[in-house]
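The next block holds one structure in the form of structure tokens; read it before the comments.
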Amino acid sequence: MEPVLIVLVVLVVVAFIALIKTIQVIPQASAAIVERFGRYTRTLNAGLNIVVPFIDRVRNRIDLREQVVPFPPQPVITQDNLVVNIDTVIYYQVTDPRAATYEVASYIQAIEQLTVTTLRNIIGSMDLESTLTSREVINAGLRGVLDEATGKWGIRVNRVELKAIEPPTSIQDSMEKQMRADRDKRAAILTAEGQRQAQILKAEGEKQAEVLKAEGEAQAAVLRADGEAAAIRTVFEAIHDGDADQKLLAYQYLQTLPELAKGDSNKLWIIPSEVGDALKGLGGAFTGMAGGGVNGGAVAAPSVPAAAPAATQVPIDSAAGPRPVDIDKGAARPRVDPAREYRKIDPE
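The numbering of the sequence shown is the numbering used here, which starts it at 158 and goes up by one.
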């Protein structure tokens with residue numbers, strides 16, 4: 158009984174192992190390559206799959222999802238003989254598990270080496286400045302070459318990115334100095350433009366202020382002249398309506414004479430020639446009033462005055478005011494001091 162039991166146990170173990178090898182469960186987004194006696198038979202897709210145990214063999218399982226592989230920095234020489242270190246990142250996806258298994262030994266290593274050689278060819282035709290400013294061009298060139306080369310390997314390169322471009326330290330220092338000089342230059346230009354604009358605005362403001370001031374003064378002068386004209390017109394109408402006689406006008410005329418002597422700078426008082434006529438008319442009025450003409454008697458008409466001189470010179474004392482004048486029977490004549498010298502003034 159014991160040998161039979163041992164044989165049964167062995168058979169159960171072999172059956173269990175065969176069952177395990179027969180049933181293959183493939184995860185989602187994965188594939189498996191099956192070989193029969195070392196030869197490719199089929200590709201197992203996701204789900205439950207049955208294979209022949211001890212005859213079929215699952216060689217490897219391949220992930221069909223998009224993969225991201227960073228490559229270490231690679232030294233690349235530019236067209237102007239400068240060495241830069243460039244880090245790259247590749248985004249790829251396996252589209253044909255059979256080709257990825259049998260067409261290339263290690264597709265990751267093949268992609269890395271192809272990336273390095275292609276990158277050197279592209280960077281070798283560009284200078285440093287173009288390399289630093291043309292990442293999109295470099296990425297597009299790399300992707301085109303890699304996608305074409307890896308198509309027969311069952312690989313699709315979705316994206317190629319340059320993670321970093323590091324020029325030499327001396328070049329970095331020179332670039333920083335250049336950038337600092339450019340910033341200082343732009344700052345100086347902006348400062349000068351601001352000062353220029355401020356001066357222009359200030360000049361325009363002053364110009365507008367002067368124009369407005371001149372317009373205001375012109376309007377004020379016009380209004381002042383209109384006011385003076387209205388005042389003169391009002392006085393003239395009042396005199397005309399009041400029917401002022403010669404005596405009142407002569408009196409008002411004499412009241413304005415002291416105004417001519419006002420001011421510290423006046424040294425000589427020019428008496429108009431009409432003052433004689435005014436004084437003579439005023440004297441005649443006072444004579445008529447003394448003779449009783451006011452209380453009902455007739456007032457004698459003043460005689461025609463003699464011709465007065467064109468202009469009379471009377472010295473003025475700034476402290477005492479104008480010198481008095483004498484009124485005689487002929488006309489109003491100034492009192493002249495024979496011991497004092499007078500300047501001759503042209504009547505015109």
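Here a beta-carbon is modelled for each residue, glycine too, at the ideal position from N, C-alpha and C. On a predicted model such as this, the values are computed, not experimentally measured, just so you know.
Residue i versus residue j - alpha carbon distance
i      : j      : result
Val314 : Pro232 : 23 angstroms
Ala344 : Ser331 : 20 angstroms
Gln236 : Leu285 : 8 angstroms
Ala256 : Arg277 : 27 angstroms
Gln356 : Asp383 : 40 angstroms
Arg292 : Asp341 : 27 angstroms
Glu260 : Leu239 : 37 angstroms
Ala375 : Met336 : 58 angstroms
Leu162 : Ile207 : 30 angstroms
Ala366 : Ile389 : 34 angstroms
Ala321 : Phe173 : 55 angstroms
Ala297 : Arg353 : 46 angstroms
Ile280 : Ala262 : 28 angstroms
Val241 : Thr288 : 9 angstroms
Glu361 : Leu299 : 59 angstroms
Phe135 : Ala386 : Only positions 158 to 505 of the chain appear in the structure, and residue 135 is not among them; the question remains open.
Ile397 : Gly373 : Reading off the sequence, residue 397 comes out as His, not Ile. Straight-line Cα distance between these residues: approximately 35 angstroms.
Ile346 : Asp339 : 10 angstroms
Phe228 : Ile219 : 21 angstroms
Lys370 : Leu380 : 15 angstroms
Ala395 : Lys364 : 46 angstroms
Glu305 : Glu223 : 18 angstroms
Thr290 : Met283 : 11 angstroms
For residue i, the three-state DSSP class (helix, strand or coil)
i      : result
Ser187 : strand
Val368 : helix
Glu333 : helix
Gly373 : helix
Ala321 : strand
Arg381 : helix
Val170 : helix
Gln270 : helix
Val251 : strand
Val261 : coil
Per DSSP, the bridge partner or partners of residue i
i      : result
Asp213 : Arg193
Val288 : According to the sequence displayed, residue 288 carries Thr and not Val. DSSP lists no partner for Thr288.
Thr200 : Ile190
Asp220 : Ser187
Asp100 : No answer is possible for residue 100: the residues shown for the chain start at 158 and end at 505.
Asn206 : Gln181
Thr245 : Phe228 and Leu319
Arg142 : The structure shown does not extend to residue 142, since the chain is modelled only from 158 to 505, so the question has no answer here.
Ile279 : Its beta-bridge partners do not exist; DSSP assigns none.
Ile234 : Val240
Assumed close pair residue i, residue j - CB separation to whole angstroms, cut-off 8 angstroms
i      : j      : result
Val225 : Val246 : 7 angstroms
Thr200 : Ala186 : No, Thr200 and Ala186 are not in contact; Cβ-Cβ is about 14 angstroms, not under 8 angstroms.
Leu205 : Ile180 : 7 angstroms
Asp213 : Pro230 : The Cβ separation is near 44 angstroms, so there is no contact.
Arg216 : Thr258 : 7 angstroms
Thr275 : Leu303 : 7 angstroms
Ile234 : Ala203 : That pair is no contact at about 46 angstroms.
Heavy atom of the ligand ZN within 7 angstroms of residue i beta-carbon
i      : result
Asn217 : The ligand content of the structure shown is nil, which means the ligand ZN is not present either.
Contact with chain B by residue i, beta-carbon distance below 8 angstroms
i      : result
Lys309 : Judged by its chain identifiers, the structure shown contains no chain B, having just a single protein chain.
Using 8 angstroms as the threshold, is the region 296-312 in touch with the region 242-251, meaning 3 or more CB pairs across them?
-> yes
contact_flag[the region 261-277, the region 320-336] where n(CB pairs < 8 angstroms) is 3 or more = no
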